[in-house]
Amino acid sequence: MEKLKYLINNYKDFPKKGIEFKDLLGILQEPEVFKDLIHEMSKSKIIKNSEAIVSIDARGFIFGSAISLYSSKPMILARKPGKLPGEIEEEKYNLEYGENSLSIQKKALNKYDSFAIVDDLLATGGTVGCVAKLLKRNKKKVLGLITVVELLELKGRDKLNFPVESILLI
Ligand code: AMP
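Residue numbering for the sequence shown follows this note's numbering, beginning at 1203 and increasing consecutively.
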């Protein structure tokens, strides 16, 4: 996974001042590295022991769906407001300024009891914390988070009371 870090581009002050944005999309232009990454993520016990994967809007979908294929685990989506049809379960979370929310279709959620959460990057932990809260409120088991990058400085994992596995710690 040594090659991975050279495929991540850093953009200062994006999407706003003070944020160093880690752009992971370069990984998708190197299919062999992407394949190794998905293989590695799929080996995780968090994935193996879960009944289903929940992946987070939007870059989490890229990694989540590949893991789903590789590991033969069903996947459901946690989406930003206004994107999902039908009955939904929604949970709000705080951003640096204001708030946002994530939703899951009730029909999909009701099919499974235990979940592995998949996202591209763990920063403050607010986003993943929101999904975990939604799952727990619906009496679902959260086996853990598996993510490509973790920004250690922000101590996101300290806020999460379940296992966290990251491929690249920055
Ligand atoms: P957080 O809720 O602070 O853990 O933020 C995690 C979510 O925001 C993930 O879905 C990431 O895609 C995105 N994100 C947060 N910070 C960054 C960053 N510095 N670079 C790229 N994506 C980020």
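Just so you know, even glycine gets a beta-carbon here, dropped at the ideal spot from N, CA and C.
E1234, buried or exposed, once every other Cβ within 10 Å from all chains shown has been counted against 16: Against the sequence shown, residue 1234 aligns to sequence position 32. E1234 is exposed by the Cβ-count criterion.
Cβ-Cβ separation, L1362 to V1330 (assumed contact under 8 Å), whole Å: Working through the sequence shown from its first residue, we reach residue 1330 at position 128. Working through the sequence shown from its first residue, we reach residue 1362 at position 160. With 8 Å as the limit, V1330 and L1362 qualify as a contact, their Cβ atoms being about 6 Å apart.
For F1364, the nearest candidate out of L1371, M1203, I1348 (CA to CA): The residue you call residue 1364 lines up with position 162 of the sequence shown. Of the candidates L1371, M1203, I1348, the one whose C-alpha sits nearest the C-alpha of F1364 is I1348.
Q1231 at chain D interface by Cβ criterion, 9 Å: No chain D appears in the structure shown, which is made up of a single protein chain.
Per-residue burial, M1277 [other beta carbons within 10 Å of its own, 16 or more giving buried]: Within the sequence shown, numbered from 1, the residue matching residue 1277 stands at position 75. Its Cβ being crowded by 16 or more others within 10 Å, M1277 is buried.
DSSP-derived helix/strand/coil call for D1360: Reading the sequence shown from its first residue, position 158 is the one you call residue 1360. DSSP places D1360 within a helical segment (H, G or I) once states are collapsed to three.
Option nearest D1321 by Cα separation, candidates D1238, L1206, D1215, F1265: In the sequence shown, residue 1321 corresponds to position 119, counting from 1. Comparing Cα-Cα distances from D1321 to each of D1238, L1206, D1215, F1265, the minimum goes to F1265.
Which of helix, strand or coil DSSP assigns to L1239: By one-based count along the sequence shown, residue 1239 stands at place 37. L1239: helix per DSSP, three-state reduction.
Given 8 Å, three or more beta-carbon pairs between the stretch 1267-1287 and the stretch 1296-1305: yes
Cα-Cα separation, L1311 to A1268: In the sequence shown, counting from the first residue as 1, residue 1311 sits at position 109. In the sequence shown, counting from the first residue as 1, residue 1268 sits at position 66. Cα to Cα, the separation comes out at about 20 Å.
Every unbroken alpha helix (DSSP H) inside the stretch 1265-1323 [4 residues or more]: 1308-1311
For K1338 and D1360, the rounded distance between their alpha carbons: Position 158 of the sequence shown holds residue 1360. Position 136 of the sequence shown holds residue 1338. Roughly 18 Å separates the two Cα atoms.
Span of the beta strand (DSSP E), counted from its first residue to its last, around K1343: If you number the sequence shown from 1, residue 1343 lands on position 141. Element bounds for K1343: 1343-1352.
Distance between G1220 and K1245 (C-alpha atoms, nearest Å): For the purposes of this step, residue 1245 is taken as the residue at position 43 of the sequence shown. For the purposes of this step, residue 1220 is taken as the residue at position 18 of the sequence shown. Cα-Cα distance, rounded: 35 Å.
I1258 - partner residues in DSSP beta bridges: Position 56 of the sequence shown, counting from 1, holds the residue named residue 1258. A1280.
Counterpart residues of D1225 in DSSP-defined beta bridges: Counting from 1 along the sequence shown, the entry for residue 1225 is found at position 23. Under DSSP, D1225 takes part in a beta bridge, and its partners are N1211.
Coil, strand or helix - I1249 by DSSP: The residue you call residue 1249 lines up with position 47 of the sequence shown. Per DSSP, reduced to three states, the secondary structure at I1249 is helical.
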